[in-house]
Amino acid sequence: MSSREGALGYAFVSPTVFLIVALILYSILRGIQLSFYDIHLLRGGEDIFVGFQNYIRMANDPVLPNVILNTFIWIAFGVSLTVLLGLATALFLDLKFRARTFLRVVILIPWVLPDVDVGAIWKWLLDTQVGILNQFLITIGIIKNPIEWLSSPDLALFSVTGVMIWRLFPFIGLLTLAAMQTIPTELYEAANVDGASRYGKFRHITLPHLAFTLILGSLILTIWFMNNFAIIWITTGGGPGHATDTLATYIYKVAFQFLRMSDAATISVVTFSIIGIFSLVYLFVLRKYWAGEI
Amino acid sequence: MPEVKRVDRRKFIYAGLGAAIVVVGGVAAYLATRPPERVVETVVQTQVQTVRETQVQTVEKPIERVVTQTIERPVEKTIVTTVAGTPTTIVQTEVKRETVVQTQTVEKTVEVTAPTTPMAPVTLKLWEFGGIPAEHDHVRGLASDYKNFKPYVTVEWANQDWVTKREFLIAQFKAGTAADIVTQDTASIPDFVALGAFQPLEDVDAEAVAQEKKRYYPEVWDTVTYQGKSYGFPTYVDINTMYTWSVPMLEEAGIKPPFKNWDDMLEALLKLNKPPDRYAISIPMSQNTNDILIFEGIAYANGARWLSEDGKKVTVNTDAWSQALQFYVDLVNKYKVVPPGPTSADYFVSTQLFFTKRVALTVGMSWIPALVQLGAFALDWQYKLAPFPSSPYPPGPTIPFMMEPTTTFIMLSSSKNKKEALDFMRFAIRPESLRAWAGHKIRGRTPCTPEQWKENRNPEYKEMEQLAIEGKLFKNAIHVPSFPGIVEMEKLLGVAYQEAVLGKKTVKEALEGLQRDAQAVLDRIKK
Amino acid sequence: MIKILKIFGKYLIVIILFLIIFFPYFWLFNTSLKEFAEVYVLPPTIPPKKPTLENYYNVLTGNTAFAAPWPTFFRNSIIVASITAVLTSILASFAGYALSRIRMPGRRTLLFAILLAWMFPGPSILIPVLDTMKKIGLYNSLIGLGILHTTFALPVATWLAFGTFRSIPKELEEAAMIEGASRMKVFLRIAIPLGRIGITSIALLAFLLSWTEFVFALVLMPDVPNKTLPLGLVSFTRDYTIYWMDTGSASILFSLPIVLILILAEKQFVKGMSAGALKA
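Chains as they are written, first to last, in this note's numbering: chain S, 1 to 294; chain Y, 1001 to 1527; chain E, 2001 to 2280.
So, in structure tokens, the structure goes:
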């Protein structure tokens, strides 16, 4: 291959890189820069370069450990359940039955409404007193007293995670379903000849073929969960107490409610580093699945 | 896996290192080459003079129209009389006199200008945040009517989302794309002044502001005053905190509000409590700002204050605060007179519970009638409101209530046509416009000027009317807490009261924690 | 007997899935048929006492409480989402092809860096992005919002395109190149046609991302004639109450075009996803 071709390659990539650099990279760098200055919009005055002081102060923030723990739970439960539910949905939609085509289409519907709308709807549905879900469960006699979906600090985080799963599992389901379509049928036929069990076929043929999809899918999900604030913001606003505050909602609060811009930038950089390092390790472990030779 | 070769491990590490170096290098280069940008921009006043100089006499015609318009409304005035019970003649003279003032000021600007060149067209952007439909119609109408008043000025009205108003306005101001005039709540004035976003009106035209100031109750004008300057023209005030009761339910139980104090109230609540079908009272306790303000109102009425006199120390660990919080906690946990799950019940939910007869009382502000006007609830029964009382022995100075004008016309410092913007703002609060907020077009808003009260058409506020006309209603009433950092402290308070109500912390622990955190907020700003 | 049970089980799962997905929609639909005074009645009424289609009519004619011009919002969203879909699929195809086929140093670094650009928390870049957009004159412009949405969609889209082209057998291209075809020609004549299904799905994904984006649309579009559908939807959430009957009917009207596209593109989409990257 000639160097001319390499140049062509760069030319192909350059518009994408240009857009990202022009519109996002500047903003990211600005964010990183802010984290080294002391900027509090309510104080005004000169912006002072403070080095790592913001990081030290954030390390001593009494709320942050709890917030990081929440984020961890939110991502761990959210991503794993979304992937499991998505996988189950895909396996199911792969079966042959009436209404399959229809279901394959409508399953994406939770994806069509904006986050803010989804949050508002679920807040209403899950409300302890006036929510339709509790009303329904009480009417059919499953529960006697209303369940405090969003008002109990022990339950709220799981409720909002459920909402996010509702929103995202169809995406993973369809992604997996699509990957399943590419498994050559000969493999299953051969397995049938060998008299393999249903589970055996799943374990040795389906799963290895889906591994990459599920792994890349969960990376995408992890990033989505990490940075999604609208759902939590609308449903609980981070409450009760700090029970549902995640890094994303906390950044939002610090930036736009408290106007501590450099603190928000600092937490953003920390978040960015966590997710960046995680992805790097993740992609490194899985390098043989994606970084193929040309 | 077809023919995917194992990738060299080292290559991958290089890739990662490469990415890291690019990022770090970029940051370093960026930091090295770019001087830090000042975040707070100082906006230069430009062009105001030239615009003024090009004004022409065509203004005169519309002025006549304004005058005739006001005089042409005898019908409305008679209606006013029946509702307000004030002599018709007084109202009429009142209106006429105000109109004269209006025309005089406008004529003055005409005199000053040299009517030689044709008018340079001016466009003013007006962002109305939130509001109810009737309010929209009214404010949009003001914007379009202004064309008749000053033909060369176009006011572009846009309604903006209420829930995201703070972040929206900050982002727009930072990018230099904000409107000339906004309607905002007054509690955010200190924050936006610290940002440099709001324009002190005296710096535009001190005389005009002094004239408008005379029309308001002094306590109301205090809400738009910060560090000796005025920042906006209120249209009404929300009164905070008020409880609302269902007249039939309380009559049935033989209870006669208003309550003298908390004990009095508690006794009634226990009588009214019939769970699970009907609880006594719904109290919103989510982290919504409104809900936090409602609690603040109760605490303040009990003598609590956020800050010491000199404004340097946070004082939330006082008895006045802890009594109020203990009262909340007891209502929920000890007496169980509040429906379960109050920590997610925002003011939407708690008023819904009230209007659907799930509770006998609810706690909120004076806007509750606005909900009925919206048509959200069809009522065939009566309800009444009264300011929330204090404990029997309040440990601090009590207040009748707190107030906040949530639709206040405010000018942004980035406006390029400050004089014109101020003229429009004055147009928006002419007597015939302010009247709309006194129940003529828009319900559920407490009037905030004597002239509005004389024309009040909100039957729910009948009890307050006489007091207001006598000038006693707002006596000792104060603005909702409003100083730089209050928004963050209020969010902390929201967390603190939820943790106390949920039993995660005792009242003392919650308030001590709040004291520490709030003091830190204050210190960081003062530093 | 077992067979019947199996079929029964299948349809039971279908129904449960259906319920999970549609529960909120069902409730929105039910509410959208109500009058305002019935929306907040407790216990809630199913079905509505006085069902009416008025809300749909109001939304379509902009006659709702806040006079939101829905036809305008709809047009704006279509424009922005289409710009995003077209631009994203074109740019991502070029980038994805180069990254999967052309030997060049720093290929993997680039791939990772592109993904990295997607990870920075949104609230922190809101003001700088708004600032940049204003400086380059794309503030308050539909094209500007389309370009911004393209930029946000590109990282995922590039990765999907990367996978799409990687899964196409190389042999065809190599044969063509031995016969003297240029790389550009190979890309346009062989790779694009073979990968078109994957590219379609990328376009659809980009369309959806733009169709639902809220925060940046909010700050970039202060003027009513430029607002998009998500902003219109949120406008029914007011300071005192939520106009659920309007939100409900608007949400359903809002979803319809997408569902229509999905039905038309179902086969393409499912297949496209499979071609798209996700096969090892």
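By construction, the Cβ of each residue, glycine as well, lies at the ideal position given by its N, Cα and C atoms.
Name the DSSP bridge partner or partners of residue i?
i, result
"Pro1234(Y)", "Thr1408(Y)"
"Pro1387(Y)", "Met1242(Y)"
"Lys1364(Y)", "It should be noted that the sequence gives Gly, not Lys, for residue 1364(Y). BP columns for Gly1364(Y) point to Met1242(Y)."
"Ala2203(E)", "DSSP, once it has assigned bridges, lists no residue as partnering Ala2203(E)."
"Leu1126(Y)", "Trp1157(Y), Ile1181(Y)"
My guess is that residue i and residue j are in contact by the Cβ rule of under 8 Å, so how many angstroms apart are they, rounded?
i, j, result
"Ser1322(Y)", "Lys1508(Y)", "7 Å"
"Trp1381(Y)", "Gly1444(Y)", "With 8 Å as the limit, Trp1381(Y) and Gly1444(Y) do not qualify as a contact, their Cβ atoms being about 17 Å apart."
"Phe1424(Y)", "Val1155(Y)", "6 Å"
"Thr1244(Y)", "Thr1362(Y)", "5 Å"
"Leu221(S)", "Val83(S)", "7 Å"
Do residue i and residue j have their C-beta atoms within less than 8 Å of each other?
i, j, result
"Gly1130(Y)", "Arg2166(E)", "no"
"Val2234(E)", "Leu2145(E)", "no"
"Ile1486(Y)", "Ala1187(Y)", "yes"
"Ser2089(E)", "Ala2206(E)", "yes"
"Val1302(Y)", "Pro1394(Y)", "The sequence shown places Asn at residue 1302(Y), rather than the Val named in the question. Yes, they are a contact pair."
"Met1403(Y)", "Val1224(Y)", "no"
"Thr128(S)", "Ser159(S)", "no"
"Phe2036(E)", "Met2221(E)", "no"
"Leu1412(Y)", "Phe1198(Y)", "yes"
"Leu2028(E)", "Ile28(S)", "no"
"Thr2241(E)", "Phe1348(Y)", "yes"
"Asp1191(Y)", "Leu259(S)", "yes"
"Leu23(S)", "Thr2132(E)", "yes"
"Arg43(S)", "Ile1525(Y)", "yes"
Compare the Cα-Cα distances from residue i to each of the options and report the closest residue.
i, options, result
"Glu1252(Y)", "Asn1273(Y), Lys1260(Y), Gln1211(Y)", "Asn1273(Y)"
"Tyr1335(Y)", "Ala1510(Y), Glu1488(Y), Met1411(Y), Ala1280(Y)", "Ala1280(Y)"
"Thr89(S)", "Val269(S), Ile172(S), Lys253(S), Gly276(S)", "Ile172(S)"
"Ser1246(Y)", "Tyr1146(Y), Gly1297(Y), Phe1474(Y), Pro1369(Y)", "Pro1369(Y)"
"Ser2093(E)", "Phe2254(E), Ala2161(E), Lys2170(E), Thr2241(E)", "Ala2161(E)"
"Val1314(Y)", "Thr1407(Y), Ile1181(Y), Phe1483(Y)", "Phe1483(Y)"
"Ala1436(Y)", "Ala1134(Y), Met1119(Y), Tyr1328(Y)", "Ala1134(Y)"
"Trp124(S)", "Phe2112(E), Ile2015(E), Pro2044(E)", "Pro2044(E)"
"Ala1468(Y)", "Gln1519(Y), Glu1212(Y), Ala1438(Y), Leu1195(Y)", "Ala1438(Y)"
"Pro2257(E)", "Thr2109(E), Ile2197(E), Leu2204(E)", "Leu2204(E)"
"Phe2152(E)", "Tyr2025(E), Thr2031(E), Thr2212(E), Val2259(E)", "Thr2212(E)"
"Phe2254(E)", "Tyr199(S), Asp117(S), Pro208(S)", "Asp117(S)"
"Glu1488(Y)", "His40(S), Leu34(S), Ser3(S), Lys201(S)", "His40(S)"
"Thr2031(E)", "Pro2123(E), Leu2053(E), Val2215(E)", "Leu2053(E)"
"Ser2182(E)", "Leu2231(E), Ile2102(E), Ala2250(E), Phe2216(E)", "Ile2102(E)"
Taking 8 Å as the CB-CB limit, is residue i close to chain S?
i, result
"Asp1191(Y)", "yes"
"Thr1398(Y)", "no"
"Phe2214(E)", "yes"
"Ala1208(Y)", "no"
"Glu1512(Y)", "no"
"Ser2235(E)", "no"
"Lys1491(Y)", "yes"
"Val1495(Y)", "yes"
I want to see whether chain E comes within less than 8 Å of residue i, judged by CB atoms only; does it?
i, result
"Gln1287(Y)", "no"
"Ile205(S)", "no"
"Gln257(S)", "no"
"Ser279(S)", "yes"
"Gly1232(Y)", "no"
"Tyr26(S)", "yes"
"Gln1382(Y)", "no"
"Phe1198(Y)", "no"
"Leu69(S)", "no"
Consider the Cβ of residue i: report whether some Cβ of chain Y lies at a distance smaller than 8 Å.
i, result
"Lys253(S)", "yes"
"Leu210(S)", "no"
"Lys2134(E)", "yes"
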